[in-house]
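Here the structure comes first, spelled out in structure tokens, and everything after it is commentary.
In the numbering used here, the protein residues as written are 25 to 106.
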């Protein structure tokens, strides 16, 4: 669930690196805000869309009993031996 936020951070770093050859700090800040809003919005929407599709597919396959819920083994055997 945190993958789209990490994608946003990665895209933001890329925008900063691409915008570095700006003529002034004011131009860098202006370009950085606009580009990061555009790229950040796209990455969040696309990322959560992909996460939603994957989660929906998982729930669908689980409802059709094609995949099973993971079970956690406990130490029942070791406690019954003593």
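Cβ atoms here follow ideal geometry from the backbone N, Cα and C, with glycine treated the same way.
- Annotation for residue 79: the continuous alpha helix (DSSP H) segment containing it runs 49-87.
- Taking the Cα positions, residue 76 is about 9 Å away from residue 25.
- Note on residue 79: under 16 other CB atoms within 10 angstroms of its CB, so exposed under the neighbour-count rule.
- Under the three-state reduction of DSSP output, residue 26 falls in the coil class, being neither helix nor strand.
- Between residue 42 and residue 60, the C-beta gap is not smaller than 8 Å, which leaves the two residues out of contact.
- Using a C-beta cut-off of 8 Å, the segment 61-71 makes contact with the segment 29-36, since at least three inter-stretch Cβ pairs fall below that distance.
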